[in-house]
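Peer 1: Below: one structure in structure tokens.
Protein chains: 2
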Amino acid sequence: MINVLLVEDDIDLATTIVDYLDLESINCDHASNGLMGLNLLESNHYQMIMLDINMPKMDGLTLCNTLRERGMDIPILMLTARDSLEHKLEGFAAGSDDYLVKPFAMKELVARVQVLAKRRSGEAKRLVLGDLSLDINQRSAQLKQTPLKLSPIAFKLLEVLVRASPQAVSRQHIMQAVWGDEQPDSNSLKVHIYHLRKQLDAAHNNISLDTVSGIGFAITTNSKGAQL
Amino acid sequence: MINVLLVEDDIDLATTIVDYLDLESINCDHASNGLMGLNLLESNHYQMIMLDINMPKMDGLTLCNTLRERGMDIPILMLTARDSLEHKLEGFAAGSDDYLVKPFAMKELVARVQVLAKRRSGEAKRLVLGDLSLDINQRSAQLKQTPLKLSPIAFKLLEVLVRASPQAVSRQHIMQAVWGDEQPDSNSLKVHIYHLRKQLDAAHNNISLDTVSGIGFAITTNSKGAQL
DNA sequence: GGGCTTGGTTAAGGCAGGGTTAATGGCGGG
DNA sequence: CCCGCCATTAACCCTGCCTTAACCAAGCCC
């Protein structure tokens, strides 16, 4: 399930968008100004953000800049009536990933939202990180030619980590990606990480699954050689 | 250096684009149809592709589909005169990441190319100050290539100081930024600053963490050399 | 010069977060 | 129907971080 955030002060337009996205199985939270958006972003996890520019309290460009300053590289789509070239360039300069001019066709919005929400986490069918290699279709993984024996959840967990590598991934993000909306209550994640580590540590290799204190986990390769 | 591929059969337009991108320090190879594009893709590595749709030999949509079939998730920007909604949706359905309608402003093309080329490269958000370098997303810090071992609070503290550098930051401001609303009663900040200094002073470097009497603290670099 | 303030240094204790392990229960396949 | 795999849970341990308090050192004002 795709989970996105809309920051827009025009309530009518906002409800229209939220409803339409809902039909396309896209869950869309709504904030009516930048500050509210910032709040939601701190407590929830979204795949991408739609951002109006003209807003009270905190405008879209400022919010966009703020997020980038903080090192958040979540995809952002600017959604505004300003159609001049300068405004577009201003949007991109602030760190946005796409720029859609009002009025727009809902279907185009959906297409662009899906691209930003999904493509970023990749559609690649084959992932390689140092000695580790994942085949998404086959749900198989290899470490230095020897196959790993991974349960479904373990595989997905590994996939999420490798896709984000070398970035750290927050527990929240992992939970969302692996279990979706029905997350287990307890320390299931800890146990899975533990089992995963056991397999990864087994053979000597250049993969390390580190815990980032207070945040989550990160998988990295410490190979000096060429990195794709 | 950004390295991209343009697949376009209109030679005039192609040279214009290649020349313009060159001015922006973007290296752009050119293929005049899908098959040639495929060849170039097999022998070279590109950050993204610009794709015309109407072409002899192999059209853009087919090429796009082919690449996705093969599991290549390289970003693709469709570049075409077909401006109807159906055509756009067709482009996105084929697996493209963006869709720009001709004629377009060169500057907008550059902006979109840069976004697509950078997005996937997983480039980290970094703060650099002299010999010190912070990777926000990875939550890691390096001082002259050697990694620092920082606790969550220490990292945040350092981040706040580096962000403000060379300005001094008041104690109040630091407390707010690091602990938020639930601040410790005692001299916790002093202790953290102390530990931070210990690590920063360890190796000879050009970083100094000074206390500004009565105000707070400031981190600065005393390098004479070029400063970014 | 003395006490007060401001900032630096150090060690100790409590606590939380993460790691490890084993037991339970569901689900699917044989 | 039974067996085995796998996810989840609870319980436990342990490390290392944060806080705290206490003690110094240096300057300032009276």
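Chain order of the listed sequences is G and C. Position one of the first sequence corresponds to residue 1053 (this note's numbering), numbered consecutively onward. Position one of the second sequence corresponds to residue 1053 (this note's numbering), numbered consecutively onward. The beta-carbon is built from N, C-alpha and C at its ideal position, and this holds for glycine as well.
What's the C-alpha gap between Ile1069 of chain G and Met1158 of chain G?
Peer 2: For this step, residue 1069 of chain G is matched to residue 17 along the first sequence. For this step, residue 1158 of chain G is matched to residue 106 along the first sequence. Near 8 Å, if we compare the C-alpha coordinates of Met1158 of chain G and Ile1069 of chain G.
Peer 1: Applying the criterion that 16 or more other CB atoms from any shown protein chain within 10 Å of the CB defines a buried residue, is Ala1278 of chain G buried or exposed?
Peer 2: If you number the first sequence from 1, residue 1278 of chain G lands on position 226. Any answer about Ala1278 of chain G is weak, because its pLDDT of 40 lies below 50 and its placement is not dependable; what the coordinates show is given next. Ala1278 of chain G comes out exposed.
Peer 1: Just the Cα atoms here: how many angstroms apart are Leu1280 of chain G and Ser1077 of chain C?
Peer 2: Position 228 of the first sequence, counted from the first residue, corresponds to residue 1280 of chain G. Position 25 of the second sequence, counted from the first residue, corresponds to residue 1077 of chain C. The predicted model places Leu1280 of chain G with a pLDDT of 39, which falls under 50 and marks its position as unreliable, so this point remains unresolved.
Peer 1: Between C:Asn1091, C:Glu1160, C:Leu1161, C:Ile1271, which lies nearest to Ala1220 of chain C when the distance is taken from Cα to Cα?
Peer 2: For the purposes of this step, residue 1220 of chain C is taken as residue 168 along the second sequence, with counting starting at 1. Closest option to Ala1220 of chain C, Cα to Cα, is C:Ile1271.
Peer 1: Quick one: using the 10 Å Cβ neighbour count with 16 as the cut-off for buried, is Val1243 of chain C buried or exposed?
Peer 2: Here residue 1243 of chain C is taken as the residue at index 191 of the second sequence, counted from 1. The residue is exposed, with fewer than 16 neighbouring Cβ atoms inside 10 Å.
Peer 1: By the 9 Å beta-carbon criterion, what residues does the region 1078-1112 of chain G contribute toward chain C?
Peer 2: Hits within the stretch: zero.
Peer 1: Does Glu1160 of chain C come within less than 9 Å of chain G when only Cβ atoms are used?
Peer 2: Against the second sequence, residue 1160 of chain C aligns to sequence position 108. Yes, contact with chain G.
Peer 1: Does Val1167 of chain C get closer than 9 Å to chain G when you measure Cβ to Cβ?
Peer 2: Taking the second sequence and counting its residues from 1, the one referred to as residue 1167 of chain C is at position 115. Closer than 9 Å to some Cβ of chain G, the Cβ of Val1167 of chain C qualifies, so yes.
Peer 1: Taking only three categories from DSSP, how would you classify Pro1127 of chain G?
Peer 2: As a working note, residue 1127 of chain G is residue 75 in the first sequence. Correct three-state label for Pro1127 of chain G: coil.
Peer 1: Using a Cβ-Cβ cutoff of less than 6 Å, which residues in the same chain neighbour Asn1274 of chain G once the five nearest sequence positions on both sides are dropped?
Peer 2: Against the first sequence, residue 1274 of chain G aligns to sequence position 222. If we look at Asn1274 of chain G and ignore the five residues flanking it on each side, its Cβ neighbours are Asn1258.
Peer 1: List the residues of chain C that Lys1140 of chain G touches, going by C-beta distances under 9 Å, in chain order.
Peer 2: Here residue 1140 of chain G refers to the residue found at position 88 of the first sequence. The answer, in chain order, is Ala1157, Lys1159, Glu1160, Ala1163.
Peer 1: Would you list, in sequence order, the uninterrupted alpha helix (DSSP H) runs of no fewer than 4 residues that lie entirely inside the region 1189-1230 of chain C?
Peer 2: Complete alpha helix (DSSP H) runs here, min 4: 1204-1216.
Peer 1: Strictly under 9 Å for the Cβ-Cβ distance: is Arg1134 of chain C near chain G by that measure?
Peer 2: As a first step, residue 1134 of chain C must be located in the second sequence, where it is residue number 82. So no, Arg1134 of chain C is outside the interface.
Peer 1: Quick check: the Cα distance between Asp1064 of chain C and Met1053 of chain G, rounded to an integer number of angstroms?
Peer 2: By one-based count along the second sequence, residue 1064 of chain C stands at place 12. By one-based count along the first sequence, residue 1053 of chain G stands at place 1. Roughly 44 Å between the two C-alpha positions.
Peer 1: Taking only beta-carbon atoms, is Ala1219 of chain C less than 9 Å away from chain G?
Peer 2: The residue you call residue 1219 of chain C lines up with position 167 of the second sequence. Checking the displayed sequence, the identity of residue 1219 of chain C turns out to be Gln instead of Ala. No, its Cβ sits nowhere closer than 9 Å to a Cβ of chain G.
Peer 1: Hey, how far is the Cα of Arg1223 of chain C from the Cα of Leu1092 of chain G?
Peer 2: Within the second sequence, residue 1223 of chain C is the residue found at index 171, counting from 1. Within the first sequence, residue 1092 of chain G is the residue found at index 40, counting from 1. Their backbone Cα atoms lie some 28 Å apart in a straight line.
Peer 1: Which value, in whole angstroms, describes the spacing of the CA atoms of Val1167 of chain G and His1247 of chain C?
Peer 2: Taking the first sequence and counting its residues from 1, one reaches residue 1167 of chain G at position 115. Taking the second sequence and counting its residues from 1, one reaches residue 1247 of chain C at position 195. One C-alpha to the other measures close to 45 Å.
Peer 1: Classify Thr1263 of chain G as buried or exposed, calling it buried when 16 or more other Cβ atoms lie within 10 Å of its own Cβ.
Peer 2: Sequence index remark: in the first sequence, residue 1263 of chain G carries index 211 (1-based). When all chains shown are included, Thr1263 of chain G counts as exposed.
Peer 1: Taking the continuous beta strand (DSSP E) assigned at Asn1055 of chain C, which residues delimit it?
Peer 2: To locate residue 1055 of chain C, count along the second sequence from 1; it is residue 3. Element bounds for Asn1055 of chain C: 1054-1059.
Peer 1: Could you tell me whether the Cβ of Arg1178 of chain G comes closer than 9 Å to any Cβ of chain C?
Peer 2: Counting from 1 along the first sequence, the entry for residue 1178 of chain G is found at position 126. Taking Cβ atoms only, chain C reaches closer than 9 Å to Arg1178 of chain G, which makes this a yes.
Peer 1: So what's Arg1120 of chain G in DSSP terms, helix, strand or just coil?
Peer 2: Along the first sequence, one-based indexing puts residue 1120 of chain G at 68. Looking at Arg1120 of chain G - three-state DSSP - the assignment turns out to be helix.
Peer 1: Anything in chain C within Cβ reach of Ile1267 of chain G, meaning under 8 Å, just list it in chain order.
Peer 2: Locating residue 1267 of chain G in the first sequence gives position 215, counting from the first residue. By Cβ distance, chain C contributes Arg1191, Pro1204.
Peer 1: List the whole-angstrom C-beta distance separating Cys1080 of chain C from Val1059 of chain C, where the pair is believed to meet the contact cut-off of C-beta under 8 Å.
Peer 2: Position 28 of the second sequence holds residue 1080 of chain C. Position 7 of the second sequence holds residue 1059 of chain C. Going by Cβ atoms, the distance from Cys1080 of chain C to Val1059 of chain C rounds to 11 Å, so no, they are not a contact pair.
Peer 1: Check the DSSP bridge columns for Ile1267 of chain C and list the partner residues they point to.
Peer 2: Here residue 1267 of chain C corresponds to residue number 215 of the second sequence, with the count starting at 1. Answer is none; Ile1267 of chain C lacks a bridge partner.
Peer 1: Here's a check: name, in chain order, each residue in its chain whose Cβ is nearer than 7 Å to the Cβ of Ala1206 of chain G, leaving out the five neighbours to either side.
Peer 2: Within the first sequence, the letter at position 154 stands for residue 1206 of chain G. Answer for Ala1206 of chain G: His1244, His1247, Leu1248, listed in chain order.
Peer 1: With H, G and I counted as helix, E and B as strand and the rest as coil, what does DSSP make of Arg1171 of chain C?
Peer 2: Within the second sequence, residue 1171 of chain C is the residue found at index 119, counting from 1. Helix, per DSSP.
Peer 1: Leu1090 of chain G and Met1130 of chain G: beta carbons closer than 9 Å?
Peer 2: Locating residue 1090 of chain G in the first sequence gives position 38, counting from the first residue. Locating residue 1130 of chain G in the first sequence gives position 78, counting from the first residue. For Leu1090 of chain G and Met1130 of chain G, no; Cβs fall outside 9 Å.
Peer 1: In chain order, what residues of the same chain lie with their CB nearer than 7 Å to the CB of Gln1251 of chain C, ignoring the 5 residues before and after it?
Peer 2: For the purposes of this step, residue 1251 of chain C is taken as the residue at position 199 of the second sequence. Counting only Cβ-Cβ distances below 7 Å, and skipping sequence neighbours, we find Leu1200.
Peer 1: I need the straight-line Cα distance from Pro1127 of chain G to Gly1266 of chain C, nearest angstrom please.
Peer 2: Working through the first sequence from its first residue, we reach residue 1127 of chain G at position 75. Working through the second sequence from its first residue, we reach residue 1266 of chain C at position 214. Going from the Cα of Pro1127 of chain G to the Cα of Gly1266 of chain C covers about 42 Å.
Peer 1: Which residues in chain G sit within 7 Å of Gly1339 of chain C, going by Cβ to Cβ distance?
Peer 2: Absent from the structure is residue 1339 of chain C, since the part of chain C shown begins at 1053 and ends at 1280.
Peer 1: In chain order, which alpha helix (DSSP H) runs of at least 4 residues are fully inside the region 1059-1124 of chain G?
Peer 2: For the region 1059-1124 of chain G, whole alpha helix (DSSP H) runs of length 4 or above, ordered along the chain, are 1063-1075, 1086-1095, 1112-1121.
Peer 1: Whole-angstrom Cβ separation of Val1214 of chain C and Leu1181 of chain C, contact assumed at under 8 Å?
Peer 2: Here residue 1214 of chain C refers to the residue found at position 162 of the second sequence. Here residue 1181 of chain C refers to the residue found at position 129 of the second sequence. Yes, they are in contact, since the Cβ atoms of Val1214 of chain C and Leu1181 of chain C sit about 5 Å apart, within 8 Å.
Peer 1: Please confirm whether Ala1193 of chain C and Leu1210 of chain C have their CB atoms less than 9 Å apart.
Peer 2: Start at 1 with the first residue of the second sequence, and residue 1193 of chain C comes out as number 141. Start at 1 with the first residue of the second sequence, and residue 1210 of chain C comes out as number 158. Against a cut-off of 9 Å, the Cβ pair of Leu1210 of chain C and Ala1193 of chain C comes out as a contact.
Peer 1: Taking the alpha-carbon of Ser1185 of chain G as reference, which of G:Ser1217, G:Leu1075, G:Ala1133, G:Asp1111 has the nearest alpha-carbon?
Peer 2: Numbered from 1 along the first sequence, position 133 holds the residue referred to as residue 1185 of chain G. The option with the nearest alpha carbon to Ser1185 of chain G is G:Ser1217.
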